[in-house]
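Beneath this line is the structure, given in structure tokens, with notes to follow.
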Amino acid sequence: MQRVNHLGDRMEEQKITVSQFIESVNSLLDCGLQDVLIEGEVASFKVNQGKWVFFDLKDEESSVGCFLPVFQLRAPIEDGMKIVVRGLPKLTKWGKFSLTVKQIMPVGEGSIKKSYELLKKKLTAEGLFDPLKKRPIPADLTKIGVISSTQAAGYADFCKIINARWGGLNIQTAHTQVQGMDAADQIIRALRYFNEKAEVQIIAIIRGGGSADDLSVFNDEKLVREIAASRIPVITGIGHEVDESLSDLAADIRGSTPSNVAEMLTPDRKAEIVKVRQTVQRLGGKIIQEIDLNSEKARSMVVDIKRQVVSKIDGVIETIRIKKQMIESMNPEQVLRQGYAIIAGDISEGNVVKITTFDKEVEAEICKVKEKK
Amino acid sequence: MQSKGEKMTTKKSISEKMKDLEAATEWFYSDDFTLEKATEKYKSTMKLAEEIEKDLNELKNEISVIEKDFTKE
Chain A
1106 MQRVNHLGDR
1116 MEEQKITVSQ
1126 FIESVNSLLD
1136 CGLQDVLIEG
1146 EVASFKVNQG
1156 KWVFFDLKDE
1166 ESSVGCFLPV
1176 FQLRAPIEDG
1186 MKIVVRGLPK
1196 LTKWGKFSLT
1206 VKQIMPVGEG
1216 SIKKSYELLK
1226 KKLTAEGLFD
1236 PLKKRPIPAD
1246 LTKIGVISST
1256 QAAGYADFCK
1266 IINARWGGLN
1276 IQTAHTQVQG
1286 MDAADQIIRA
1296 LRYFNEKAEV
1306 QIIAIIRGGG
1316 SADDLSVFND
1326 EKLVREIAAS
1336 RIPVITGIGH
1346 EVDESLSDLA
1356 ADIRGSTPSN
1366 VAEMLTPDRK
1376 AEIVKVRQTV
1386 QRLGGKIIQE
1396 IDLNSEKARS
1406 MVVDIKRQVV
1416 SKIDGVIETI
1426 RIKKQMIESM
1436 NPEQVLRQGY
1446 AIIAGDISEG
1456 NVVKITTFDK
1466 EVEAEICKVK
1476 EKK
Chain B
656 MQSKGEKMTT
666 KKSISEKMKD
676 LEAATEWFYS
686 DDFTLEKATE
696 KYKSTMKLAE
706 EIEKDLNELK
716 NEISVIEKDF
726 TKE
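Protein chains in written order, with the working numbering: chain A, 1106 to 1478; chain B, 656 to 728.
Here it is as structure tokens:
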């Protein structure tokens, strides 16, 4: 009896309500398993009332129920897809254990590809990748915002190429993670920072090559929407030429790599120097060409004048020749040569007259004279 | 009157100098071109080109990392 009473006393001391018990368990879970990352396969995926997402995350032996509001689902998932979730284990007030999911990321090439295709289809239908919305790289670029990890090889490549190619640029870099579950949110914050507080003309999001898992952050729906909505034009250089992310599709311009972005943003100073030198050379050539042209004109004018003088002289010579011919045709000698004769003296019957031909002089007596009818 | 601050402080950027070079080049192909003025213009254009080349070789980029911590909201 005494023992029972003792137990009863002890039970009286430790007695808590069911709600308090659940609260205590949740506190313990919160302390011990805060932000736990779990990898597994999706099963029994469903969306209730368009607001709540439920699914089981399982492996070969075990399964845990997962829950999240639909707006936190930033990558499409389906049954059978492999994912990593970050969440908080929780005991509900009905005593059911579940994981309240904060973030989801597809993992493994197959799941990433599937999620990518589903989201691409959805965002394409919304017009997020419309080519007509794309803006060009601004002219006279002097201020560039860069979002990247300053420790990444891709960022080092970008800086190396841009410094080699051009100068006088103001480049502000927002250091963020470029892979992992936190990367998308950090890049979104950097995009907002540039759009709200910095005076840059273009934002470059750059990251070197990596696995499909590493690059999957750039298929995050919230990030893709943020890029598409950016007030400042966005250029991406993510991974290698063959890696196409939804961030690339949402950006205004896509560079194939970080180095390619540096090339697209800047002219090559060596090529510009060659161009400047060629311009000056061309102007020198233009002056020489003008001098040659003017000399040719002058030469041509001299030839023309000479031709005119010669022509005038020829005209005068010809006139003289014609006149000489005319004068010569009137020479009596020429008339006599044609068979005519000159008669001199009184032409009356019985008189003697002198007849001159081309080669003879004759004296003749006139026998008869009569008038011409 | 020119103030003290304005005096000789207008250093042109590369792109402004490139525009000047473009304008000078256009003159050589315009109706205003005369051989009398061309030599003088050519000399000044050559000087401008040398300045641009010098700027292109010497100019450096200013790269800074923003202090804000993007891991936090």
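We put the beta carbon where it would ideally sit given N, CA and C, even for glycine.
May I ask you to list the residues that DSSP assigns as paired with residue i?
i: A/H1280; result: A/S1253
i: A/Q1208; result: A/R1191
i: A/D1161; result: A/A1148, A/G1170
i: A/S1220; result: Beta-bridge pairing links A/S1220 to no other residue.
i: A/R1359; result: A/T1341
i: A/K1459; result: A/A1449, A/E1468
i: A/A1309; result: A/V1251, A/I1340
i: A/F1234; result: DSSP lists no partner for A/F1234.
i: A/N1153; result: A/W1157
i: A/F1202; result: A/L1196
i: A/N1436; result: DSSP, once it has assigned bridges, lists no residue as partnering A/N1436.
Is residue i close to chain A? Criterion is C-beta to C-beta, closer than 7 Å.
i: B/I718; result: yes
i: B/K659; result: Model confidence at B/K659 stands at a pLDDT of 40, short of 50, so the residue's coordinates are unreliable and nothing is read from them.
i: B/L711; result: yes
i: B/S685; result: no
i: B/S699; result: no
i: B/E708; result: yes
i: B/A704; result: yes
i: B/A693; result: yes
i: B/K672; result: no
i: B/K662; result: Residue confidence is low: B/K662 scores 41 on pLDDT, short of 50, so the model does not pin down where it sits. No coordinate-derived value is stated.
As a quick exercise: from the options, pick the residue whose alpha carbon is nearest that of residue i.
i: A/T1362; options: A/D1464, A/C1136, A/T1341, A/V1385; result: A/T1341
i: A/E1267; options: A/D1161, A/N1365, A/I1393; result: This sequence places Ile at residue 1267 of chain A; Glu is not what is there. The residue with the shortest Cα to Cα distance from A/I1267 is A/N1365.
i: B/I721; options: A/V1152, A/N1275, A/V1158, A/K1478; result: A/N1275
i: B/D724; options: A/G1313, A/E1454, A/T1278; result: A/T1278
i: A/V1379; options: B/E708, B/K702, B/E695; result: B/E708
i: A/A1269; options: A/A1309, A/E1183, A/P1372, A/V1458; result: A/P1372
i: A/S1132; options: A/K1473, A/Q1394, A/T1197; result: A/T1197
i: A/D1540; options: A/L1370, A/W1199, A/G1360; result: Summary: the structure shown does not reach residue 1540 of chain A, with chain A confined to residues 1106 through 1478, and so no result is reported for it.
i: A/D1451; options: A/Q1430, A/V1474, A/S1434; result: A/V1474
i: A/L1134; options: A/V1123, A/D1409, A/P1194, A/V1158; result: A/P1194
i: A/G1313; options: A/A1257, A/E1349, A/S1220; result: A/A1257
i: A/I1393; options: B/S685, B/A693, B/K672; result: B/A693
i: A/I1343; options: A/I1311, A/K1478, A/I1337; result: A/I1311
i: A/T1461; options: A/S1453, A/I1448, A/E1454, A/G1455; result: A/I1448
i: A/S1167; options: A/I1143, A/E1423, A/M1286; result: A/I1143
i: A/Q1154; options: A/F1263, A/P1174, A/C1136, A/Q1139; result: A/P1174
i: A/V1130; options: A/I1252, A/K1187, A/G1200; result: A/G1200
i: A/K1187; options: A/E1438, A/F1150, A/A1355, A/A1446; result: A/F1150
i: A/T1255; options: A/L1354, A/S1400, A/K1265; result: A/K1265
i: A/F1176; options: A/D1319, A/I1209, A/K1477; result: A/I1209
i: A/L1224; options: A/P1181, A/E1438, A/G1272; result: A/P1181
i: A/A1333; options: A/G1390, A/K1417, A/M1286, A/D1235; result: A/D1235
i: A/K1226; options: A/L1354, A/R1442, A/E1438; result: A/L1354
i: A/D1262; options: A/Q1291, A/H1345, A/R1297; result: A/H1345
i: A/G1145; options: A/L1204, A/F1126, A/L1138; result: A/L1204
i: A/W1157; options: A/C1136, A/E1401, A/K1207, A/K1327; result: A/K1207
i: A/K1327; options: A/M1406, A/R1442, A/F1299, A/M1286; result: A/M1286
i: A/V1457; options: A/C1472, A/P1243, A/F1463; result: A/C1472
Within 7 Å (strictly less), CB to CB, does residue i reach chain B?
i: A/L1388; result: yes
i: A/A1295; result: yes
i: A/P1291; result: It is Gln, not Pro, that sits at residue 1291 of chain A in the sequence shown. Closer than 7 Å: yes.
i: A/T1281; result: yes
My assumption, with CB atoms under 8 Å, is that residue i sits in contact with residue j. Please give the rounded CB distance.
i: A/L1388; j: B/T700; result: 6 Å
i: A/G1185; j: A/V1212; result: Not a contact, Cβ separation roughly 13 Å.
i: A/D1161; j: A/C1171; result: 7 Å
i: A/V1322; j: A/A1288; result: 4 Å
i: A/T1384; j: B/A704; result: 7 Å
i: A/D1357; j: A/R1240; result: 5 Å
i: A/R1073; j: A/D1325; result: No answer is possible for residue 1073 of chain A: it lies beyond the span of chain A, which begins at 1106 and ends at 1478.
i: A/K1248; j: A/E1183; result: With a Cβ gap of about 43 Å, A/K1248 and A/E1183 do not count as contacting.
i: A/I1308; j: A/S1335; result: 7 Å
i: A/K1459; j: A/E1470; result: Actually they are not in contact, since the Cβ atoms of A/K1459 and A/E1470 sit about 12 Å apart, beyond 8 Å.
i: B/L676; j: A/V1381; result: 7 Å
i: B/F683; j: A/K1391; result: 5 Å
i: B/D710; j: B/K672; result: 7 Å
Interface residues of chain C around residue i at Cβ under 9 Å?
i: B/K667; result: The displayed structure is made up of protein chains A and B, and chain C is not among them.
Residues, ordered as in the chain, of the segment 1261 to 1278 of chain A that lie near chain B by beta-carbon distance below 9 Å: C1264, I1267, N1268, W1271, G1272, G1273, L1274, N1275, I1276, Q1277, T1278
Short-range partners of chain B found in the segment 1371 to 1404 of chain A, where Cβ spacing is below 8 Å: R1374, E1377, I1378, V1381, R1382, T1384, V1385, R1387, L1388, G1389, K1391, I1392, E1395, I1396, N1399
Chain B contacts made by the segment 1243 to 1259 of chain A, where a contact means CB separation under 7 Å: D1245, T1255
Where the segment 1296 to 1312 of chain A meets chain B: residues whose CB sits under 7 Å from a CB there: Y1298
Near-chain B residues of the segment 1130 to 1143 of chain A - C-beta to any C-beta below 8 Å: none
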